[in-house]
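Visitor: After the structure tokens below, expect a handful of questions from me.
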Amino acid sequence: MTNIGSADRTIRFIVGLLLIVLPLIPPTASWFAPLGNWSWAVLAVGLVMVVTAALRICPAYALLGMTTCPRK
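Below you can see the structure in the form of structure tokens.
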């Protein structure tokens, strides 16, 4: 059972990768330095987005009964 469509999956994957990579690369790491421990939260959100995109299942969508998959 999947509840994430292809457009949603692509957006989640791209945004998730950006949230993972941006706090780690030196030129942009200084932007996240004032966030302190919040930069770890940014990384965690990015990781969740990538994992949900890879699995095509969003627990929040499941709880709310939502889906972005096309109707069959």
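Under the working numbering, the residue at position 47 of the sequence shown is numbered 47, and the numbers go up by one with no gaps.
Glycine included, each C-beta is placed from N, C-alpha and C at the ideal position.
Values in this document were obtained by computation on a predicted structure and should not be read as measured data.
Leaving out five residues on either side along the sequence, give the residues of the same chain with a beta carbon under 8 Å from the beta carbon of T68.
Guide: N3, I4, G5, A7, D8, Y61
Visitor: Quick check on the burial criterion: 16 or more other C-beta atoms within 10 angstroms. Buried or exposed for M49?
Guide: buried
Visitor: With respect to the alpha helix (DSSP H) encompassing L17, which residues constitute its N-terminal and C-terminal limits?
Guide: DSSP places L17 inside the alpha helix (DSSP H), whose first and last residues are 6–21.
Visitor: Thinking just about the alpha-carbon of each residue, which of I57, P34, R71 is nearest to the one in M1?
Guide: The candidate whose alpha carbon is nearest that of M1 is I57.
Visitor: Secondary structure at G36, three-state DSSP: helix, strand or coil?
Guide: coil
Visitor: May I ask which residues mark the beginning and end of the alpha helix (DSSP H) holding P59?
Guide: Boundaries of the alpha helix (DSSP H) harbouring P59: 59–64, taken from the DSSP string.
Visitor: Report the option in G65, L47, L64, P27 whose CA atom is closest to the CA atom of I14.
Guide: L47
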